[in-house]
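Student: Here it is, the structure, as C-alpha cells.
Protein chains: 2
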Amino acid sequence: MTRRDWKCNGWGAEGVRYDLGPQREAFLEWLGQRLGTDPKGTRWPSVALGDVPLPEGRMDEAALQAIGAALTTGGTVAVDREDRIRHAMGKSLVDLFRFRQGTLPGAPDAVVHVTSREEVAAVGRVCAERNLALVPFGGGSSVVGGVEAVDPRGRPVVTVNLLGWSGLEELREQDGYAVVAAGTLGPDLEATLNPRGWSLGHFPQSFEFSTVGGWVASRSSGQQSNQYGDIADLVAGCRLWTPAGDWQTWEGPVSGAGPDLREVIAGSEGILGVLTDVTLQVHRLPQPFRIQAVLFPTFAEGAEALKSIVDAGLRMSFLRLSDGEETAFYLKIGHPNRWKDLGLAVLGCLGFGVERSVMLLGTEGEPDEVARATSEALRIAKRHGGLSLGQGPTRGGHRERCRHPYQRAARREHGTAIETHETAVPWSRVEPVRLAVRQAVDEEMAHQGRRAIVMAHLSHSYPAGSCIYFIVIYPADRDDPVAQWRPIKAAIADAAARHGGTISHHHGVGLDHRHWFAGETGPVGMRLIRGMKAALDPDCLCNPGKMLPLPGE
Amino acid sequence: MTRRDWKCNGWGAEGVRYDLGPQREAFLEWLGQRLGTDPKGTRWPSVALGDVPLPEGRMDEAALQAIGAALTTGGTVAVDREDRIRHAMGKSLVDLFRFRQGTLPGAPDAVVHVTSREEVAAVGRVCAERNLALVPFGGGSSVVGGVEAVDPRGRPVVTVNLLGWSGLEELREQDGYAVVAAGTLGPDLEATLNPRGWSLGHFPQSFEFSTVGGWVASRSSGQQSNQYGDIADLVAGCRLWTPAGDWQTWEGPVSGAGPDLREVIAGSEGILGVLTDVTLQVHRLPQPFRIQAVLFPTFAEGAEALKSIVDAGLRMSFLRLSDGEETAFYLKIGHPNRWKDLGLAVLGCLGFGVERSVMLLGTEGEPDEVARATSEALRIAKRHGGLSLGQGPTRGGHRERCRHPYQRAARREHGTAIETHETAVPWSRVEPVRLAVRQAVDEEMAHQGRRAIVMAHLSHSYPAGSCIYFIVIYPADRDDPVAQWRPIKAAIADAAARHGGTISHHHGVGLDHRHWFAGETGPVGMRLIRGMKAALDPDCLCNPGKMLPLPGE
C-alpha cells in the first residue's frame, strides 16, 4: 500500500480540493487588505515532482537483499524516486514550502512497506546489524519534523512505512479493548469498529491521514478529547520492536507498580523503537454529535465560562473558544448572508464588538443527559455574559475541520502562509500567553516589514488548564520561505515558553521543537530521556535526532 | 519532628486502639471456628523495643559532621537506638511480624530529620560524596518494603525523614494548584486547604500516617478516586533532588512534548532521587459525603452493575463491591442486632444467600446532581438484581476505614495474621483473578495444614477495569511467621499475575514485589527502568534495591 493517491507536496488525497465557495473573492480581497498583499493576483507554483533534486540512494545491494529477505509476509522494499520523495518529510508548513521549492533536506535511501509486526522486527534487526538509521512512518502527517529522513550521523536511512500493517486484530467487548495494528488509519479503524457498535472517539484534524501508531508516538489529541480523553488516556497496552528486543507492556487499567511506562511510550516519537500494536480503550458508539454556539463579548469572559463548564464536570464532548480575531475570520469565510451582516451590526450595539468570541459546545451521548448537560452549560455561559446562538450557525462546521488543511493549501498557492502552533498552560496563564504570542508575532512581522493575522482558540480543556492553538497567517517570502519562517516560529515558541507554556500540547517535538523541549524538560529530565534512549537504542538507530540531539551531534 | 507519638511496632498513634465493641467475643468465637484456632485463648506478646537487637551504627564522625553542616535550616541528625529502630522498615504484615519478634533486617546508620528542600539536596550531596545509601522516608507506611534501611551493596544507610519539610507552600486559586512540601501528612494538608475552601480529595487508608511525597512516589490511590482520580492524575508538577542535580518538571495540564515524565516520577519509589515538592490539582471543597448500600445476590452480578455504573459516567466518588466472604465478615463485625439477623434470614429466602455481595456507593457534590447520579446508579443496580439497603447500614462506615489497620493489629495479638494484597485487571479478568487467588491461598493453607479466610472487594474502578483488593486472614505461625508468609504471598501474587493482574494497583513494588514487577514489565521494560536509574543515579545511592535489584546484586 503506497498511498500514491495522496498528494505529495500538499495535504490530503489527490484530486480533492476544498476551497471557499461563493465568498472566495470577497475573502481574498479582505485578506489582501489585512495583510497588505494581493492574494488574488499572486500565483506561487510548485516545482514539479520530476524536477525535485534528490540525493543519490546509498543502499548497497547486500543491504537491500537482507531487507528483502526479512520481508516474509508480503512486504516490499522500494528505492524509486517517487517513494523516496514521498517519505522525505512530513506535512509541516516548512515541509510544504520545501516540497514547493524542490529543496528537500534529504530522502530515505530505501522505503520498506511492511505488512506485519514480524516484518517490522526483522527489518529492524537488519538495520541494527548494518548500522542503518530507521525512521518509522505512518500517515506521514507530522508537523514538527517527526518523520524527516535525515540521520545526524550520516548513515543511510531506511524509512519503514507501516500502512500495510493495518486493521483491528481483536475486539474484547467485555473490556472495551481494541487491539489494533499500528499502521491503521483513522477512517479504517472507525469503519471496522462502528458496525460492531464501537468507536475510539479519537478525531485529530489529521484523522484521515494519520495512524494509530503515529497518534500514540506523538501523544495526539482528538477533537472530542473532552469526552474521550487524549490518546495517552486511551492506551491500555503497547507492543513495540526495539533494538533491545520485542516488548509487550502490561495491559490493563491502572498499575501502581513503578513508573507508567505506557506514558513513556506515548510521546516517544519512535526514538525508542517502532510501535507495532496498541490496545486501545474503545467506547460504545454514541448518539449523534450535536453542537451549539455561544457568543461572548470578550475572550476573557468566554475563557472564564469555559473553565466553569469544565469545573462543573459537565459531559461535553468538544469545547472550543475562538478569540476575537478567529471569530471574525470564521465570519469572513462563512457563506455570505445579509441577515448575518444585519445581526452582527445589532450585536455590535449590544456590546459584542471586535473582541466578540464564539464558543462551540459539542455533545454526544444519551439524549436526556445531553440535554441536561447542555442546558447547564448554557446557564453557566449566560452567567459569564454569553449569548446562545443555537445550533444554526455551526451546523456541519465541526466535521469540516478536517478540511482546514486543504484550505491552507489553497491559500499557499496565493502566496499566503498559514502556520499553526499549539501549547498548553494552567488557566491563569491562558491570557498572558495569548497576548504575548500575538505581540511577538506582530513585532517579528514589523521587523520584516510585513503584517500578519494571529488567531487563537482554546480546545482540549482540563480542570488544570487548557490547550491554546494559534493560527498565524502571513505573506510568504517566496524567495526563502523557510528562512522567513524560522524567526516567526521562534518568536511564537519563545513567547509561550516565557509564560510557562509547553512547546506542544499534541503536535510533538520532532526536529522543530527540540530547543524548547530541552528548555522545559531541564537538564535532569533530558538526562533521563537520554538514559532511556541509551538503554533501548544504544546505537541511535531509531528515528535519530528527533526529540533530542544524538550524543556528539 | 520525630513522631515519637506513633507506634513503632504497630499501626497508628500511641495510646490509640480500635477494636470491636460488644460483638468482640462473638466475633472471636466465629473466627476461631472458621480458622480452627482459639484466638480468645491466644496471646502473642511483642518483644519490648529495648530488647530488639540492633546492628552497630557505622557512621563515622566525619560523615556525621558533614551531614550536620548540611543542615542549615534547623534539621537534625540522629543515631540513637529509638530513631534507628523506628526507621528500619515500613508497616507491612512482615514488618510488623519482625518488630514483634525483634528480628529487624537492618536499621539506618543515621536518621536525618530535614526541614527544607535545601537540606534534602545538601544531605544528598554528602551521601553522594561519601558513597552512603540514602533512603527517603515520609510517614513510613509502606507495605511492600519500600523504605527498608538496607543497602544491597553494604554501604552505611542514611534515612532522610521528610516530616519536617511540611506544609502548603502556595495555593494558586485560579488554577486550582496547591504547591505542597513533600513531607506534608494527609491531615495537615486538608487542615490547611479546607478553611480556604479547597480539598485534595485524596484519602488512602494510610491517610493519617502518609505524606504527599510518599503518595506520589508509590502511586497511591485514595478512597474517593472515582471522583478525584489517583494521585498520578493529580500531579501537575514535581520538584526533586537527584544525584544528577535538582529538577523541576514542567508544570501544567497536558503536554504532548515527549514522554510524560511526571508519570515516571509517580511510582519511582525514591530510586531516581528525593521528591521535595509537588504541585497538586486541588478541588473546591465538596458538599458532605453520602453513602448508599446495595445488596446483590452474587458478586458477579454486582461486578456487572459496577461496570455499568462506571460506563455510564455517573459521578460517583466512591464505589466498592465486597464479595460474599467479605460481606459476611462485615456483618459479623457489625453491632449485634436481632432485626439484622431476621432481615438476613428473609433475604436468604429471597435468593440473597452466602454469595450475597454488598456494594457501597459514595457521592459528594452539588445536591441535585448527586441525587440524579444516585438514582440513576440505583436504577442500574436494580437492573442487575441489586436491592437497595438505603443509607442506614453504612452510616459512618466509610470514615472508619482508616481504623482497619488498628483492628488488624488487635487480631495479631491473638495470633491471627491479616495480609492485604491488591491488583488491577481489565473487567473480563476480575472473576478469574478473584477465584484463582482464593484457590491458591486455600491450596497453600491446606499444604500448611491450616485454614484461611479470603475476602475480596473491588474499588478504584475505571472504564478499562478495576482494582481487586484481597484480605487474607490466617493463623500465624508464631515460630517463624515470615517464613510462613512467603509462600502465601507468592501464591497470591502468582495467581493474580497468571491472569494478567499487575503486582500492585496502589501499594507499589518496594522489595516485596520485585520478582513479579520484573515479570510484568518484561526484559525490555526493565532495561528501560535501569537506564533511567543509571542516568540519574549511576552510583545507586537512592533507595537502593527497591523496585529492581542493583546491577550485580
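Each protein sequence line maps, in turn, to chains A and B.
1 is the number of the first residue of the first sequence in the working numbering; add one for each residue after it.
1001 is the number of the first residue of the second sequence in the working numbering; add one for each residue after it.
Quick reminder that beta carbons are idealized off the backbone N, C-alpha and C, glycines included.
Between the region 1094-1114 of chain B and the region 1045-1054 of chain B, are three or more C-beta pairs nearer than 8 Å?
Tutor: Contact holds: three or more Cβ-Cβ distances are below 8 Å.
Student: Closest Cβ-Cβ distance between residue 202 of chain A and chain B: below 7 Å?
Tutor: Translated into positions along the first sequence, residue 202 of chain A becomes position 202. So, not an interface residue.
Student: Does the beta carbon of residue 1462 of chain B come closer than 7 Å to any beta carbon on chain A?
Tutor: As a working mapping, residue 1462 of chain B is identified with position 462 in the second sequence. So yes, residue 1462 of chain B belongs to the interface.
Student: Please decide whether residue 503 of chain A counts as near chain B, where near means a Cβ-Cβ distance under 7 Å.
Tutor: For the purposes of this step, residue 503 of chain A is taken as residue 503 along the first sequence, with counting starting at 1. Yes, contact with chain B.
Student: Considering only DSSP beta bridges, list what residue 1248 of chain B is partnered with.
Tutor: Here residue 1248 of chain B refers to the residue found at position 248 when the second sequence is read from its first residue. Beta-bridge pairing links residue 1248 of chain B to B:1239.
Student: Could you work out which residues of chain A lie near residue 1244 of chain B, taking near to mean beta carbons separated by less than 7 Å?
Tutor: Along the second sequence, one-based indexing puts residue 1244 of chain B at 244. Residues of chain A passing the Cβ test: 524, 527.
Student: What does a CB cutoff of less than 8 Å around residue 210 of chain A pick up in its chain, not counting 5 residues either side in sequence?
Tutor: Position 210 of the first sequence, counted from the start, is the residue given in the question as residue 210 of chain A. Within the same chain, residue 210 of chain A has close Cβ partners 138, 139, 141, 185, 186, 204, 220.
Student: Which runs of the beta strand (DSSP E) fall wholly inside the region 449-529 of chain A and span at least 3 residues, in chain order?
Tutor: You should have 453-462, 465-475.
Student: Is any beta-carbon of chain B found at less than 7 Å from that of residue 259 of chain A?
Tutor: In the first sequence, the residue the question calls residue 259 of chain A occupies position 259. Judged by the 7 Å Cβ criterion, residue 259 of chain A is in contact with chain B.
Student: Between residue 1503 of chain B and the ligand COA, is there a pair consisting of the residue's CB and a ligand heavy atom that are separated by less than 6 Å?
Tutor: As far as ligands go, the structure on display features none, and thus does not contain the ligand COA.
Student: Tell me whether the beta-carbon of residue 1375 of chain B lies closer than 7 Å to the beta-carbon of residue 1322 of chain B.
Tutor: By one-based count along the second sequence, residue 1375 of chain B stands at place 375. By one-based count along the second sequence, residue 1322 of chain B stands at place 322. No, the Cβ-Cβ distance between residue 1375 of chain B and residue 1322 of chain B is not below 7 Å.
Student: Using a Cβ-Cβ distance under 7 Å, would residue 1428 of chain B count as near chain A?
Tutor: Mapped onto the second sequence, residue 1428 of chain B falls at position 428. At least one chain A Cβ lies under 7 Å of residue 1428 of chain B.
Student: With a CB to CB cut of under 7 Å and the five nearest residues on each side skipped, what residues in its chain are close to residue 3 of chain A?
Tutor: Within the first sequence, residue 3 of chain A is the residue found at index 3, counting from 1. Hits under 7 Å: 163.
Student: Output yes if chain A places a C-beta closer than 7 Å to the C-beta of residue 1180 of chain B; else output no.
Tutor: Residue 1180 of chain B sits at position 180 when you count from the first residue of the second sequence. Not one chain A Cβ lies under 7 Å of residue 1180 of chain B.
Student: Assign residue 346 of chain A to one of two classes, buried (16 or more other C-beta atoms within 10 Å of its C-beta) or exposed (fewer than that).
Tutor: Here residue 346 of chain A refers to the residue found at position 346 of the first sequence. Exposed, since its Cβ has fewer than 16 Cβ neighbours within 10 Å.
Student: Could you list the residues in the region 165-199 of chain A with a C-beta less than 7 Å from some C-beta on chain B, going in chain order?
Tutor: Within the region 165-199 of chain A, the qualifying residues are 172, 174, 175, 176, 177.
Student: Tell me which residue opens and which closes the alpha helix (DSSP H) that residue 419 of chain A is part of.
Tutor: Stepping through the first sequence from its first residue, residue 419 of chain A is reached at position 419. Taken as a continuous stretch (DSSP letters only), residue 419 of chain A belongs to no alpha helix (DSSP H), being part of the beta strand (DSSP E) at 416-425.
Student: Given a limit of 8 Å on CB to CB distance, which residues of the region 211-241 of chain A reach chain B?
Tutor: Residues 218, 219, 220, 221, 230, 232, 236, 240.
Student: So with CB distances below 7 Å, who are the chain A contacts of residue 1249 of chain B?
Tutor: On the second sequence, residue 1249 of chain B is found 249 positions in, with the first residue counted as 1. Residues of chain A passing the Cβ test: 525.
Student: Look at the alpha carbon of residue 397 of chain A and the alpha carbon of residue 317 of chain A, and state the distance between them as a whole number of angstroms.
Tutor: Counting from one through the first sequence, the residue named residue 397 of chain A turns up at place 397. Counting from one through the first sequence, the residue named residue 317 of chain A turns up at place 317. Residue confidence for residue 397 of chain A is low, a pLDDT of 49 falling below 50, so the modelled location carries little weight; the figure read from the coordinates is stated next. Near 15 Å, if we compare the C-alpha coordinates of residue 317 of chain A and residue 397 of chain A.
Student: So, using beta-carbon positions, are residue 516 of chain A and residue 491 of chain A closer together than 7 Å?
Tutor: Indexing the first sequence from 1 puts residue 516 of chain A at position 516. Indexing the first sequence from 1 puts residue 491 of chain A at position 491. No, the pair does not count as a contact, with Cβ atoms beyond the cut-off.
Student: Where does residue 134 of chain A sit, in a helix, a strand or coil, going by DSSP?
Tutor: Along the first sequence, one-based indexing puts residue 134 of chain A at 134. Residue 134 of chain A falls in the strand class under three-state DSSP.
Student: Note down, in chain order, each residue of its chain lying with its Cβ closer than 8 Å to the Cβ of residue 460 of chain A, except the 5 sequence neighbours on either side.
Tutor: Start at 1 with the first residue of the first sequence, and residue 460 of chain A comes out as number 460. Only 221, 225, 226, 230, 424, 466, 467, 505, 506 meet the Cβ criterion.
Student: Got a sec? Which residues, its chain only, sit under 6 Å from residue 395 of chain A by beta carbon, not counting five neighbours each side?
Tutor: Taking the first residue of the first sequence as position 1, residue 395 of chain A is located at position 395. For residue 395 of chain A, the predicted model reports a pLDDT of 49, less than 50, meaning its position is unreliable; a value from the coordinates is still stated below. Cβ neighbours of residue 395 of chain A beyond the five flanking positions: none.
Student: Kindly list, in the order they appear in chain A, the residues whose Cβ is closer than 8 Å to that of residue 1536 of chain B.
Tutor: Numbered from 1 along the second sequence, position 536 holds the residue referred to as residue 1536 of chain B. Ordered by position in chain A, the residues that pass the 8 Å Cβ test against residue 1536 of chain B are 524, 527, 528, 531.
Student: Kindly say whether residue 281 of chain A, judged by its beta-carbon, lies nearer than 7 Å to any beta-carbon of chain B.
Tutor: Here residue 281 of chain A corresponds to residue number 281 of the first sequence, with the count starting at 1. Yes, its Cβ sits closer than 7 Å to a Cβ of chain B.
Student: Any beta-carbon of chain B closer than 7 Å to the one on residue 316 of chain A?
Tutor: Here residue 316 of chain A corresponds to residue number 316 of the first sequence, with the count starting at 1. No, residue 316 of chain A lies away from the interface with chain B (no Cβ there is under 7 Å from its Cβ).
Student: Where residue 196 of chain A and residue 1553 of chain B are concerned, what is the direct C-alpha to C-alpha distance, given to the nearest angstrom?
Tutor: As a working mapping, residue 196 of chain A is identified with position 196 in the first sequence. As a working mapping, residue 1553 of chain B is identified with position 553 in the second sequence. So the two alpha carbons sit approximately 51 Å from each other.
Student: For residue 1310 of chain B, decide whether its Cβ has a neighbour in chain A, counting only Cβ atoms nearer than 7 Å.
Tutor: Along the second sequence, one-based indexing puts residue 1310 of chain B at 310. No, residue 1310 of chain B does not count as interfacial toward chain A.
Student: Residue 1431 of chain B to residue 269 of chain A, Cα distance in whole Å?
Tutor: Counting from one through the second sequence, the residue named residue 1431 of chain B turns up at place 431. Counting from one through the first sequence, the residue named residue 269 of chain A turns up at place 269. Taking the straight line from one Cα to the other gives about 37 Å.
Student: Going along chain C, which residues have a C-beta under 9 Å from residue 1508 of chain B?
Tutor: Included in the structure are the protein chains A and B, with no chain C among them.
Student: Count the CB pairs spanning the region 237-255 of chain A and the region 266-284 of chain A that are closer than 8 Å, and state whether there are at least three.
Tutor: Cβ pair count under 8 Å is three or more, so yes.
Student: DSSP three-state call for residue 1170 of chain B: helix, strand or coil?
Tutor: Working through the second sequence from its first residue, we reach residue 1170 of chain B at position 170. It is a strand residue.
Student: For residue 1246 of chain B, which option in B:1074, B:1120, B:1471 has the closest C-alpha, if you only look at C-alpha atoms?
Tutor: Numbered from 1 along the second sequence, position 246 holds the residue referred to as residue 1246 of chain B. The shortest Cα separation from residue 1246 of chain B among B:1074, B:1120, B:1471 belongs to B:1120.
Student: Give me, in chain order, the residues of the same chain whose beta-carbon lies closer than 6 Å to that of residue 381 of chain A; leave out the 5 immediate sequence neighbours on both sides.
Tutor: Indexing the first sequence from 1 puts residue 381 of chain A at position 381. Hits under 6 Å: 294, 305.
Student: Please name the residue, chosen from B:1545, B:1307, B:1521, B:1146, that lies closest to residue 248 of chain A on a Cα-to-Cα basis.
Tutor: What you label residue 248 of chain A is simply residue 248 of the first sequence in a count that begins at 1. Ranking B:1545, B:1307, B:1521, B:1146 by Cα distance to residue 248 of chain A puts B:1521 first.
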